[in-house]
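**Student:** Provided herewith is a single structure, encoded as structure tokens, for subsequent inquiry.
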Amino acid sequence: MDFRLPHHLPKVSGGDGSDPGELPRQRRGVTPQMHGRYPDYDCLAHADHWDERTRAVVLDRAARVPERRFFSESEARTLEAFCNTVLAQDAEPRIPVLALVDEKLAAGRLDGYQYADMPDDRDTWRLVAAGLDEAAGERAAPSFADASQDERNEIVDAFAESRLAGGVWTVLDVSRAWKVVMRATLAAFYSHPWAWNEIGFGGPAYPEGYARLGPGGGEAWEGEEAFTVDPVEDVVERGFE
0 MDFRLPHHLP KVSGGDGSDP GELPRQRRGV TPQMHGRYPD YDCLAHADHW
50 DERTRAVVLD RAARVPERRF FSESEARTLE AFCNTVLAQD AEPRIPVLAL
100 VDEKLAAGRL DGYQYADMPD DRDTWRLVAA GLDEAAGERA APSFADASQD
150 ERNEIVDAFA ESRLAGGVWT VLDVSRAWKV VMRATLAAFY SHPWAWNEIG
200 FGGPAYPEGY ARLGPGGGEA WEGEEAFTVD PVEDVVERGF E
């Protein structure tokens with residue numbers, strides 16, 4: 000696979016978009032769907048270098064899926080489908096993003112701020128679940144989770160572009176609701192060591208620390224890319240942004 004060609008990039012006209020299956024197969028550690036740019040990198044291999052408390056927290060996050068305590072079964076089913084759709088987690092292994100969000104909301108660990116014209120984040124999440132199901136119902140699906148992948152993508156696009164209307168969205172600002180749920184979704188995803196493997200992040204690196212701070216001065220224990228073209232710059236240069 001020649002990754003200098005644009006077919007693997009998102010939003011390529013006439014293509015299937017960014018398919019993680021076209022990236023190298025993960026050979027060490029775990030990444031979402033077992034593909035990534037750092038196939039021989041596993042941040043957990045450095046766990047012995049972390050202090051005891053850090054190691055316990057990270058290893059627990061990698062091994063344990065929190066039990067559902069906040070969302071109802073139907074809400075969780077809808078919102079899990081939403082999280083997997085927006086993150087393109089189309090196959091196992093998947094980071095249990097909704098379970099991490101559920102744990103945070105159940106414990107009342109909110110961000111400490113909210114929009115003045117928005118409800119509590121916990122209420123926002125529940126309203127979003129209802130709104131996604133309403134949008135699916137307009138497409139003759141019993142719920143967002145039961146909608147086809149194309150229908151889910153359409154609904155997510157409409158949500159992101161503030162085009163959802165009626166029902167829940169008469170009392171909930173669509174644009175702000177998108178920001179609230181995506182903030183939590185992305186925070187949960189990138190708090191997980193499988194995501195660190197996917198992006199080559201070195202993890203907490205305490206107490207060894209980062210010392211090579213100059214340009215191109217990566218640490219010896221950091222991940223090595225199998226494909227070195229910068230995906231962000233490449234997308235812009237090719238006009239696929």
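Start counting the sequence shown at 0; every next residue gets the next number (numbering that gives the first Met the number 0). Note that beta-carbon positions come from the ideal geometry of N, C-alpha and C, so glycine has one too. Quick caveat, the model's predicted, so the values are computed rather than measured.
Where V96 and T169 are concerned, what is the direct C-alpha to C-alpha distance, given to the nearest angstrom?
**Tutor:** Roughly 28 Å separates the two Cα atoms.
**Student:** Using CA coordinates, which residue listed in A105, A106 and E79 is at the minimum distance from I242?
**Tutor:** The shown model of the chain, from 0 to 240, leaves out residue 242, and the question about it has no answer.
**Student:** On the DSSP bridge assignment, give the partners of R24 in chain order.
**Tutor:** H34, per the DSSP bridge assignment.
**Student:** Within its chain, find whatever has a CB closer than 8 Å to the CB of P31; leave out the 5 residues flanking it on each side and keep chain order.
**Tutor:** P19, L86, Q88, P92, R93, I94, W193, A194 and E197.
**Student:** Considering just the uninterrupted stretch of the alpha helix (DSSP H) at R182, what are its terminal residues?
**Tutor:** Where R182 is concerned, the enclosing alpha helix (DSSP H) stretches over V173 to F188.
**Student:** Just reading off the alpha helix (DSSP H) that F69 is part of, what are its end residues?
**Tutor:** Unbroken run through F69: none, as it is neither H nor E.
**Student:** Would you grab the beta carbon distance between F143 and L131 for me? Rounded to a whole angstrom, and I think it's under 8 Å.
**Tutor:** Right, the Cβ-Cβ distance comes to about 4 Å (below 8 Å), so this counts as a contact.
**Student:** Taking the alpha helix (DSSP H) that W168 falls in, what are its first and last residues?
**Tutor:** Element bounds for W168: n/a, residue is neither H nor E.
**Student:** Report the option in G199, A140, A187 and G201 whose CA atom is closest to the CA atom of V64.
**Tutor:** Measuring from the Cα of V64, the nearest candidate turns out to be A187.
**Student:** Does the beta carbon of E153 sit closer than 9 Å to a beta carbon anywhere in chain B?
**Tutor:** The structure shown contains no chain B, having only a single protein chain.
**Student:** If I follow the unbroken alpha helix (DSSP H) through W193, where does it start and stop?
**Tutor:** P192 to I198 is the span of the alpha helix (DSSP H), which, as asked, contains W193.
**Student:** Nearest-angstrom Cα distance between Y40 and L185?
**Tutor:** Y40 and L185: Cα-Cα distance of roughly 22 Å.
**Student:** Is V173 closer than 9 Å to F158 when the C-beta atoms are compared?
**Tutor:** Going by C-beta atoms, F158 is nearer than 9 Å to V173.
**Student:** Using alpha carbons as the reference points, say which of R52, W124, F200 and M117 lies closest to S241.
**Tutor:** Since the first residue of the chain shown is 0 and the last is 240, residue 241 is not available in this structure.
**Student:** What runs of the alpha helix (DSSP H), each 4 residues or longer, lie entirely inside the segment 86-120?
**Tutor:** As far as the segment 86-120 is concerned, its whole alpha helix (DSSP H) runs of at least 4 residues are 96-105.
**Student:** Please return the same chain residues whose Cβ sits closer than 6 Å to the Cβ of R175, not counting the five positions on each side in sequence.
**Tutor:** Contacts found: Y114 and M117.
**Student:** Where does the unbroken alpha helix (DSSP H) through R54 begin, and where does it stop?
**Tutor:** Element bounds for R54: E51 to A62.
**Student:** Looking only at C-alpha atoms, which of L109, H191, A128 and L104 sits nearest to V167?
**Tutor:** Taking only the C-alpha atoms, the option nearest V167 is A128.
**Student:** From this set, A98, T53 and R68, which residue's C-alpha is nearest C82's C-alpha?
**Tutor:** Of A98, T53 and R68, the residue nearest in Cα terms is A98.
**Student:** Using C-beta distances below 7 Å, list every residue in its chain close to L163, excluding the 5 sequence neighbours before and after it, in chain order.
**Tutor:** Correct list, in chain order: G130, A134, A157 and V173.
**Student:** Quick check on DSSP: helix, strand or coil for G136?
**Tutor:** In the structure shown, G136 sits in a helix (DSSP, three-state: H, G or I).
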